[in-house]
Amino acid sequence: MELKQNSLEEVVSLAKRRGFIFPGSEIYGGLQGFYDFGPLGVEMKNNLKRLWWNWMTQKHDNIVGIDGAIITNPRVWEASGHIKSFVDPLVECKKCHHRFKADDINNDKCPDCDGPLTEPRMFNTLVPTQLGVIQDEKTEAYLRGEACQTIYLNYKNVVDSTHLKIPFGICQIGKAFRNEVTPGNFLFRQREFEQWDLQWFCHPSEMEKWFDYWKEERMNWYKSIFTHPENLGFYQHEKLAHYAKKAFDIEYTASPVGKEMEGIHWRGDWDLSRHSEYSGQDLNYTDPETKEKFVPNIVETSGGVDRTFLFLLLDAYTKEEDRIVLKLNPKIAPYKIAVFPLLKNKPELVSEAKKIYESLKNEVSVAWDDRGNIGKRYYSQDEIGTPYCVTVDFQTLEDQTVTIRDRDTMKQERIHTGEVFNYLKEK
Ligand code: ATP
Numbered sequence: 019m020e021l022k023q024n025s026l027e028e029v030v031s032l033a034k035r036r037g038f039i040f041p042g043s044e045i046y047g048g049l050q051g052f053y054d055f056g057p058l059g060v061e062m063k064n065n066l067k068r069l070w071w072n073w074m075t076q077k078h079d080n081i082v083g084i085d086g087a088i089i090t091n092p093r094v095w096e097a098s099g100h101i102k103s104f105v106d107p108l109v110e111c112k113k114c115h116h117r118f119k120a121d122d123i124n125n126d127k128c129p130d131c132d133g134p135l136t137e138p139r140m141f142n143t144l145v146p147t148q149l150g151v152i153q154d155e156k157t158e159a160y161l162r163g164e165a166c167q168t169i170y171l172n173y174k175n176v177v178d179s180t181h182l183k184i185p186f187g188i189c190q191i192g193k194a195f196r197n198e199v200t201p202g203n204f205l206f207r208q209r210e211f212e213q214w215d216l217q218w219f220c221h222p223s224e225m226e227k228w229f230d231y232w233k234e235e236r237m238n239w240y241k242s243i244f245t246h247p248e249n250l251g252f253y254q255h256e257k258l259a260h261y262a263k264k265a266f267d268i269e270y271t272a273s274p275v276g277k278e279m280e281g282i283h284w285r286g287d288w289d290l291s292r293h294s295e296y297s298g299q300d301l302n303y304t305d306p307e308t309k310e311k312f313v314p315n316i317v318e319t320s321g322g323v324d325r326t327f328l329f330l331l332l333d334a335y336t337k338e339e340d341r342i343v344l345k346l347n348p349k350i351a352p353y354k355i356a357v358f359p360l361l362k363n364k365p366e367l368v369s370e371a372k373k374i375y376e377s378l379k380n381e382v383s384v385a386w387d388d389r390g391n392i393g394k395r396y397y398s399q400d401e402i403g404t405p406y407c408v409t410v411d412f413q414t415l416e417d418q419t420v421t422i423r424d425r426d427t428m429k430q431e432r433i434h435t436g437e438v439f440n441y442l443k444e445k
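Residues in the sequence shown are numbered from 19 upward in steps of one, following our numbering.
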């Protein structure tokens with residue numbers, strides 16, 4: 019199912035209208051490549067991050083998390099190769115002055131206006147910042163260009179402070195910053211974004227096994243949260259980094275913009291060897307049983323929280339005859355349930371509905387709505403992906419039952435008021 023460009027525009031408009039995503043610094047005319055998450059967006063993003071985090075650290079016994087600093091010693095970026103080579107050779111159109119990654123150009127013409135192009139030049143995508151309060155004595159540092167570096171920096175601290183033995187993983191969710199050449203396509207290519215990374219440390223002889231394992235595990239995780247898992251696929255890279263034996267992206271194949279969501283990377287001993295060389299520290303691992311000493315090899319799974327967020331919205335966005343529905347996975351939807359009194363001006367209905375609302379509030383995120391008629395309230399909840407709506411009506415006052423309505427099937431059932439939470443738990 020290839021989504022059309024207009025569904026991106028419709029999703030962008032819904033995201034703003036209903037408080038998922040706002041353009042950054044909007045009242046000042048915005049700032050390209052920056053976005054803010056609104057009241058519903060932050061709920062959904064937190065749900066998503068919690069799912070990822072629990073899956074990594076609770077489902078897997080041998081994965082722990084860290085939360086590293088955004089600014090590190092600038093030497094880190096020399097060791098990582100960002101300062102020298104994490105630069106993209108770019109070409110510029112001599113006519114319209116648009117810039118493109120040299121890798122993306124198939125011939126010597128500008129893709130936008132057919133104008134002639136310059137020779138490729140190097141641009142650093144790291145975002146510099148200055149530390150210190152005295153103007154002439156400031157130190158130049160960088161906002162991290164990728165979150166994973168703090169994992170490498172803390173690999174030894176983790177080994178020394180936990181009982182973990184190889185193979186094990188360190189995961190992290192955190193912000194990254196890049197002076198992207200062409201920020202755009204909504205959340206797809208921003209200059210400030212969030213990544214979720216796993217760095218899996220293993221014996222070099224086991225790389226093949228763990229690479230294949232994580233490739234499948236990560237794909238299965240994404241499949242478990244998307245509305246249409248058939249829209250996910252692998253892309254195998256042909257051009258490989260010198261230390262990599264293979265590399266795959268997990269893609270949202272129906273995307274009207276770029277498709278890459280997460281990279282599964284074979285990093286070998288590159289990162290720890292480089293940090294060992296630049297820091298002068300011994301980052302070898304000694305097997306406690308065999309006493310073998312080696313630099314652990316790494317399988318990385320590095321994904322974009324914001325890109326996943328965008329793809330989930332695109333995948334869930336559904337237009338039916340008279341309604342727009344976000345068919346989001348209930349675990350990700352900003353609200354799990356909405357509670358309505360049938361009529362706003364009947365105090366006995368309102369107080370009964372409030373009781374249900376209050377009792378659910380401690381357990382799940384729940385919306386309250388008593389505006390307009392029931393049809394409009396359903397419409398409004400469907401549009402933000404609330405999976406269930408409960409209505410308190412006159413029958414409730416007689417037999418303590420409510421109607422519960424399913425977002426996707428629009429079917430309604432009557433259940434006992436005391437059963438609402440269990441009903442949600444089973445879903
Ligand atoms: P691309 O080729 O699209 O520039 P990349 O291969 O440089 O991405 P990585 O460095 O592997 O990306 O980063 C891991 C993940 O971080 C990507 O798969 C993507 O989901 C996310 N990501 C990277 N750059 C951006 C960005 N500018 N805005 C939003 N998410 C991003």
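For every residue, glycine included, the Cβ atom is placed at its ideal position computed from N, Cα and C.
- Query: Which residue from 250, 129, 230 and 241 puts its Cα closest to that of residue 265?
  - Reply: 230
- Task: Check each candidate in 434, 425 and 398 and name the one with the smallest Cα separation from residue 414.
- Result: 434
- heavy atom of the ligand ATP below 7 Å from residue 273 C-beta: Distance from the C-beta of residue 273 to the nearest heavy atom of the ligand ATP is not below 7 Å.
- So residue 268 packs on residue 350, CB below 8 Å; how close in whole Å? That belief does not hold up - the Cβ atoms of residue 268 and residue 350 are roughly 17 Å apart, past 8 Å.
- Query: Which one or two residues does DSSP pair with residue 269 in a beta bridge?
  - Reply: 251 and 278
- Query: Count the other CB atoms within 10 Å of the CB of residue 252; is the residue buried (16 or more) or exposed (fewer)?
  - Reply: exposed
- Query: Is residue 237 near the ligand ATP, going by C-beta to nearest heavy atom under 7 Å?
  - Reply: No, the ligand ATP has no heavy atom inside 7 Å of this Cβ.
- Determine contact between the segment 212 to 229 and the segment 330 to 348, defined as no fewer than three beta-carbon pairs at a distance below 8 Å. no
- Kindly indicate which three-state DSSP category residue 110 falls into: helix, strand or coil? strand
- Message: Are the CB atoms of residue 51 and residue 208 within a distance shorter than 8 Å?
- Response: yes
- Query: Secondary structure at residue 117, three-state DSSP: helix, strand or coil?
  - Reply: strand
- Message: Just checking: is the beta-carbon of residue 342 within a distance shorter than 8 Å of some beta-carbon in chain B?
- Response: You won't find chain B in this structure, because it holds only one protein chain.
- Item | Whole runs of the beta strand (DSSP E) within the segment 373 to 401, excluding any shorter than 3 residues | 384 to 386
- Query: Under the DSSP definition of a beta bridge, which residues are partnered with residue 329?
  - Reply: DSSP output for residue 329 lists no bridge partner at all.
- Message: On the CB-based measure, 16 or more other CB atoms within 10 Å of its CB, does residue 399 come out buried or exposed?
- Response: buried
- Compute the beta-carbon to beta-carbon distance between residue 167 and residue 90, rounded to the nearest angstrom, for a pair I have assumed lies under 8 Å. Yes, they are in contact, since the Cβ atoms of residue 167 and residue 90 sit about 7 Å apart, within 8 Å.
- Straight-line Cα distance separating residue 361 from residue 30: 33 Å
- Query: Do the segment 122 to 129 and the segment 139 to 156 meet, that is, are 3 or more Cβ pairs less than 8 Å apart?
  - Reply: The way I'd put it, the segment 122 to 129 doesn't touch the segment 139 to 156; fewer than three beta-carbon pairs between them come closer than 8 Å.
- Task: To the nearest angstrom, report how far apart residue 40 and residue 57 are at their CA atoms.
- Result: 10 Å
- Task: Measure the beta-carbon distance from residue 182 to residue 139 and round it to whole angstroms, keeping in mind my assumption that it falls under 8 Å.
- Result: Contact flag wrong, Cβ pair sits at about 44 Å.
- Do you know how far the Cα of residue 321 is from the Cα of residue 249? 17 Å
- Message: Quick check on this structure: which residue in 159, 143 and 427 has the alpha carbon closest to the alpha carbon of residue 92?
- Response: 159
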